[in-house]
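Residue numbers (my numbering): 20 to 373. All C-beta atoms, glycine included, are put in the ideal place defined by N, C-alpha and C. If you're wondering where the values come from, they're calculated on a predicted model, not measured in any experiment. Report on one structure; see the data block that follows.
Next comes the structure, spelled out in structure tokens:
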């Protein structure tokens, strides 16, 4: 997912609280912040993604226990993991993550059921003399959601359904076999059948960069609701670059809020190396990263309380971020490699009043 520069926004500046929080963050030292901050004291859930192997790292476990109140499986509840090479289901890793969440009184969020980018060979080579494609699709969702019935705060039911530039909906094995809107409606209805209490989301990225994509995303939500699908929330991933123009996030959040549904900041990180403006030095990018973390927090805090579903980081420490695989010099997370709070975490804490 490549973040691309958006046009300058006309949205207004941060509130006085947000400006003061960002200013404090820029002068804070990691040692001071590490001792002071507990993000999970926010008035809404603070989340982070994990892999099962992360739970062997006691330093990270300690940080998670101090900072978060919700856990998302980074990829081990995805089809690529759950369906094994032989076509059978494997739940060892997601079960371990679920057990960790339960043992630590954390909410558990499911990611993801249907994704255009993942179609397991078991579906591509399905013998329809034994089971129809639609039945196999339903059975998969029933099995995965049903396994964690009553334990999930919510699921990303459909992930990244809108094309890169927002000119339509993505094609996939699922859309070709079951229909573009129909496969999504079927997924939502099946997930609700499997778990009557979990919140059910569509989730996408670059909604703050491309207004056209955001508009298509919102139209899709309206179409799903009109079809009777039990869509109950909107997920905005927010894989950002540090040079995102000020106001872009606030404008996006206002647009998403217009439907009245709960909003999940679902995969937040802020890359330095993905910044388009190569003339900016690293120190300036770090300053902008901290300010942008504060702006995201400010935009989320402005939502009505019933729309603030959760605020989730995609990698709590720099060393655990997926972006490190792209570039080992990137430092996109709110905590450094050693788990010390960076100025971005200080900014967030200031905005959230914790």
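Within 10 angstroms of the Cβ of residue i, are there 16 or more other Cβ atoms? Answer buried if so, exposed if not.
i           : result
residue 191 : buried
residue 103 : exposed
residue 307 : buried
residue 111 : exposed
residue 366 : buried
residue 116 : buried
residue 380 : Given that the chain is displayed from residue 20 to residue 373, the structure contains no residue 380 and the question cannot be resolved.
residue 123 : exposed
residue 300 : exposed
residue 357 : exposed
residue 336 : buried
residue 339 : buried
residue 320 : buried
residue 350 : buried
residue 67  : buried
residue 56  : buried
residue 179 : buried
residue 187 : exposed
residue 334 : buried
residue 143 : exposed
residue 9   : Any property of residue 9 remains undetermined from this structure, which presents the chain solely from 20 to 373.
residue 329 : buried
Judging by CA-CA distance, which residue of the options is the nearest neighbour of residue i?
i           : options               : result
residue 369 : 124, 72, 312 and 66   : 312
residue 17  : 204, 59 and 240       : The chain is shown only over 20 to 373; residue 17 falls outside these bounds and no answer can be derived.
residue 317 : 357, 270, 301 and 155 : 270
residue 360 : 79, 342, 70 and 68    : 79
residue 129 : 332, 252, 92 and 194  : 92
residue 10  : 245, 304 and 199      : The requested residue 10 is not part of the displayed model; the chain covers only 20 to 373.
residue 134 : 157, 244 and 176      : 176
residue 265 : 298, 256, 314 and 238 : 314
residue 211 : 167, 196 and 197      : 167
residue 290 : 244, 344, 132 and 99  : 344
residue 73  : 341, 371 and 302      : 341
residue 229 : 118, 257, 99 and 196  : 257
residue 98  : 69, 132, 82 and 118   : 132
Give me the Cβ distance between residue i and residue j, rounded to the nearest whole Å; I'm assuming they're in contact under 8 Å.
i           : j           : result
residue 352 : residue 274 : Actually they are not in contact, since the Cβ atoms of residue 352 and residue 274 sit about 27 Å apart, beyond 8 Å.
residue 185 : residue 220 : Residue 185 to residue 220, Cβ: 19 Å. No contact.
residue 65  : residue 89  : 7 Å
residue 163 : residue 101 : 6 Å
residue 222 : residue 262 : Between residue 262 and residue 222 the Cβ distance is about 24 Å, and since that is not below 8 Å, they are no contact.
residue 213 : residue 259 : About 33 Å; that fails the 8 Å criterion.
residue 284 : residue 251 : Not a contact, Cβ separation roughly 16 Å.
residue 12  : residue 96  : For the chain, the structure presents residues 20 to 373; residue 12 sits outside this window and is missing.
residue 136 : residue 127 : Not a contact, Cβ separation roughly 23 Å.
Short of 7 Å in beta carbon distance, which residues of its chain neighbour residue i, apart from the five on each side in sequence? Order them along the chain.
i           : result
residue 232 : 181, 184, 185, 225 and 226
residue 106 : 141
residue 60  : 373
residue 49  : Note that residue 49 scores a pLDDT of 48, beneath 50, so its modelled location is shaky; the value from the coordinates is reported in the next line. For residue 49, where only same-chain residues beyond five positions count, the Cβ hits under 7 Å are 355, 359, 360 and 361.
residue 348 : 292
residue 209 : 157, 160 and 161
By Cβ distance below 6 Å, which residues in the same chain neighbour residue i in space, the five residues on each side in sequence not counted?
i           : result
residue 138 : 192
residue 159 : none
residue 217 : 171, 173 and 174
residue 248 : 204 and 207
residue 202 : 193 and 194
residue 2   : Because the chain is modelled from 20 through 373, residue 2 falls outside the range shown and cannot be assessed.
Could you name the residues of the same chain whose beta carbon sits closer than 8 Å to that of residue i, not counting the 5 residues immediately before and after it, in chain order?
i           : result
residue 145 : 152 and 155
residue 326 : 276, 279, 280, 281 and 282
residue 246 : 200 and 204
residue 322 : 272, 276 and 282
Entirely enclosed alpha helix (DSSP H) segments - the stretch 275-325, minimum 4 residues: Counting whole runs of 4 or more residues, the stretch 275-325 contains the alpha helix (DSSP H) stretches 301-320.
Contiguous beta strand (DSSP E) assignments of at least 3 residues, all confined to the stretch 74-158: Those beta strand (DSSP E) runs which fall completely within the stretch 74-158 and span 3+ residues are 89-92 and 126-134.
Runs of beta strand (DSSP E) lying entirely within the stretch 155-236, each at least 3 residues, in chain order: Annotation note: the stretch 155-236 contains the following uninterrupted beta strand (DSSP E) runs of length 3 or greater, listed N- to C-terminal: 171-178 and 218-223.
Could I get the ranges of all uninterrupted beta strand (DSSP E) runs contained in the stretch 325-358, with 3 residues as the minimum, in chain order? If one requires a minimum length of 3 residues, the beta strand (DSSP E) runs lying completely within the stretch 325-358 are 327-332, in chain order.
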